[in-house]
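*Asks:* Got a structure for you, written out below as structure tokens; questions coming shortly.
Number of protein chains: 2
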Amino acid sequence: MSTETADELMDATYTALCKHGYASLRMQDIADESSKSKATLHYHYESKQDLLYALLDYLTDSFADRIETLEGETPIEQLRSLVETSLEPSEDDARKQFRTAVLEIKAQGPYDDRFRDELTAFDRLLHDRIRILLEDGQDAGLIRDDIDPNETAEFIVTVLNGAQTRHVAVGHSLECTRAMLETYVCHQLLAEDVDRTEVGFE
Amino acid sequence: MSTETADELMDATYTALCKHGYASLRMQDIADESSKSKATLHYHYESKQDLLYALLDYLTDSFADRIETLEGETPIEQLRSLVETSLEPSEDDARKQFRTAVLEIKAQGPYDDRFRDELTAFDRLLHDRIRILLEDGQDAGLIRDDIDPNETAEFIVTVLNGAQTRHVAVGHSLECTRAMLETYVCHQLLAEDVDRTEVGFE
Numbered sequence: 001m002s003t004e005t006a007d008e009l010m011d012a013t014y015t016a017l018c019k020h021g022y023a024s025l026r027m028q029d030i031a032d033e034s035s036k037s038k039a040t041l042h043y044h045y046e047s048k049q050d051l052l053y054a055l056l057d058y059l060t061d062s063f064a065d066r067i068e069t070l071e072g073e074t075p076i077e078q079l080r081s082l083v084e085t086s087l088e089p090s091e092d093d094a095r096k097q098f099r100t101a102v103l104e105i106k107a108q109g110p111y112d113d114r115f116r117d118e119l120t121a122f123d124r125l126l127h128d129r130i131r132i133l134l135e136d137g138q139d140a141g142l143i144r145d146d147i148d149p150n151e152t153a154e155f156i157v158t159v160l161n162g163a164q165t166r167h168v169a170v171g172h173s174l175e176c177t178r179a180m181l182e183t184y185v186c187h188q189l190l191a192e193d194v195d196r197t198e199v200g201f202e
Numbered sequence: 001m002s003t004e005t006a007d008e009l010m011d012a013t014y015t016a017l018c019k020h021g022y023a024s025l026r027m028q029d030i031a032d033e034s035s036k037s038k039a040t041l042h043y044h045y046e047s048k049q050d051l052l053y054a055l056l057d058y059l060t061d062s063f064a065d066r067i068e069t070l071e072g073e074t075p076i077e078q079l080r081s082l083v084e085t086s087l088e089p090s091e092d093d094a095r096k097q098f099r100t101a102v103l104e105i106k107a108q109g110p111y112d113d114r115f116r117d118e119l120t121a122f123d124r125l126l127h128d129r130i131r132i133l134l135e136d137g138q139d140a141g142l143i144r145d146d147i148d149p150n151e152t153a154e155f156i157v158t159v160l161n162g163a164q165t166r167h168v169a170v171g172h173s174l175e176c177t178r179a180m181l182e183t184y185v186c187h188q189l190l191a192e193d194v195d196r197t198e199v200g201f202e
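Heads up: the sequence lines are chains R and Y, in that order. The opening residue of the first sequence carries number 1 in full-length UniProt numbering; numbering runs sequentially from there. The opening residue of the second sequence carries number 1 in full-length UniProt numbering; numbering runs sequentially from there.
Here's what the structure looks like:
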């Protein structure tokens, strides 16, 4: 399969998943979003599940690229960029629908090893990036020495998961969690002698 | 319907939901867990959805009773009891399966107004109880005056949601989040002059 075809099928899977949700998504829905027939899809991917595994893998790779180079000069500002990327408001319906579909897929974790593996890879990626930013922050004297970068990264990943879940389930504002994470970073993580305004806090 | 029958049907719905998950649950599965026939179930509840709405309502009421009187002398200890109640480890499979089913239902929030209403009622209940504990803690001089009880309660509810989501999706330890919440309460929320050991921190 050419890279072009692969990219097209991933785009189609993404769009169809947003439109129909995980539970009622059919192979035909994905074909409808692409220039290919359902038969062609079946030639490359055995089932809708296979397309979804490939999509999660593809999204994890894209996310890895995005968080490789985060905006901001200091690790603190880069951490803020990462939080903003994860909690981007759902301005368009498609993004909200995608978050909903991902939550459906998360609920499949205990029953589907491939989903679980893909979800775990994404979770680890996010965690490791945050841990490294916290370690870099400690090296630069910006983050307190007495916090554990590993545990703190776990906590932040948990908060990001919670924000997404509550946003889907009860419409809780992502912006509200973002503000609380700012407070958390500023009060709990910043080293005492750091000038708050210098690292972007008002 | 007698209270006994209502309770029996809620138990049966709970057990069937844990066993089969939300997506593949059928009215017959619920009947199989009770002494009633499927026809009797249909006499009282129009559909599987109606039974699930009733179950969420029932669980919210039970949770309200449980968190009315929390173990512990001080608001801090009561907050810890509330966190423990929310993050009880999944020792038996049934509890893990129930958390998974709830996550499936959360992902239905955007599509099903009744689910959304039930989920919102539960979310508000948890939030308000935490907010009141924080306010009581401030009145007792145990919690810092400069934290906003409302925003802080939102943050803690978000953390609890995140812990449950990650537990289901990737098997992340609930105990780990509990420990991080302890640290958060101890370092971020406790008033400076409070003796940590007196409110149960080591």
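Just so it is clear, CB atoms sit at the ideal spot from N, CA and C, and this is done for glycine as well.
Do the segment 146 to 162 of chain R and the segment 122 to 138 of chain R make contact, defined as three or more Cβ pairs closer than 8 Å?
*Replies:* Flag = yes, the segment 146 to 162 of chain R and the segment 122 to 138 of chain R touch.
*Asks:* According to DSSP, which residues form a beta bridge with residue 190 of chain Y?
*Replies:* In DSSP, residue 190 of chain Y forms a bridge with Y/143.
*Asks:* Rounded to whole angstroms, what's the CA-CA distance from residue 120 of chain Y to residue 113 of chain Y? Just pull it up for me.
*Replies:* Those two C-alpha atoms are separated by around 10 Å.
*Asks:* Are the C-beta of residue 185 of chain R and some C-beta of chain Y separated by less than 7 Å?
*Replies:* Not an interface residue.
*Asks:* Hey, quick one: how far does the alpha helix (DSSP H) through residue 10 of chain Y stretch, first residue to last?
*Replies:* Note, residue 10 of chain Y: alpha helix (DSSP H), 3 to 24.
*Asks:* Pair every Cβ in the segment 42 to 51 of chain R with every Cβ in the segment 94 to 103 of chain R, then say whether three or more of these pairs are closer than 8 Å.
*Replies:* Output reads no: the segment 94 to 103 of chain R does not touch the segment 42 to 51 of chain R.
*Asks:* Which ranges does the alpha helix (DSSP H) cover as unbroken runs of at least 4 residues, wholly within the segment 62 to 102 of chain R, from first to last along the chain?
*Replies:* DSSP runs (the alpha helix (DSSP H)) wholly in the segment 62 to 102 of chain R: 75 to 86.
*Asks:* Could you please tell me which residues of the segment 4 to 36 of chain Y, in chain order, have their CB closer than 9 Å to any CB of chain R?
*Replies:* For the segment 4 to 36 of chain Y, which is checked against every Cβ of chain R, the residues closer than 9 Å are 21, 22 and 23.
*Asks:* Hey, does residue 204 of chain Y have any beta-carbon neighbour from chain R nearer than 7 Å?
*Replies:* Shown here, chain Y extends from 1 to 202; a query on residue 204 of chain Y therefore has no answer.
*Asks:* Which residues bound the alpha helix (DSSP H) around residue 38 of chain Y?
*Replies:* Looking at the DSSP string, the run of the alpha helix (DSSP H) that includes residue 38 of chain Y is 38 to 44.
*Asks:* Compare the C-alpha of residue 107 of chain R against each of Y/22, Y/137 and Y/124 and name the closest.
*Replies:* That would be Y/22, whose Cα lies nearest to the Cα of residue 107 of chain R.
*Asks:* Note down, in chain order, every chain Y residue with its Cβ under 8 Å from the Cβ of residue 188 of chain R.
*Replies:* 184, 187 and 188, listed in chain order.
*Asks:* Nearest to residue 116 of chain R by CA position, among R/57, R/75 and R/194, is which residue?
*Replies:* Residue R/57 is the option with its Cα nearest to residue 116 of chain R.
*Asks:* Could you tell me whether the Cβ atoms of residue 8 of chain Y and residue 37 of chain Y are closer together than 7 Å?
*Replies:* No; because the gap between Cβ atoms is not below 7 Å, this pair is not in contact.
*Asks:* So for residue 117 of chain Y, helix, strand or coil by DSSP?
*Replies:* In this structure, residue 117 of chain Y counts as helix in the three-state DSSP scheme.
*Asks:* Taking the alpha carbon of residue 178 of chain R as the point to measure from, which residue in R/26, R/15, R/29 and R/84 has its own alpha carbon closest?
*Replies:* Checked all of R/26, R/15, R/29 and R/84; the closest Cα to residue 178 of chain R is R/84.
*Asks:* List, in order along the chain, the chain Y residues whose C-beta lies closer than 9 Å to that of residue 109 of chain R?
*Replies:* Here the neighbours are 100, 103, 168, 169, 170 and 171.
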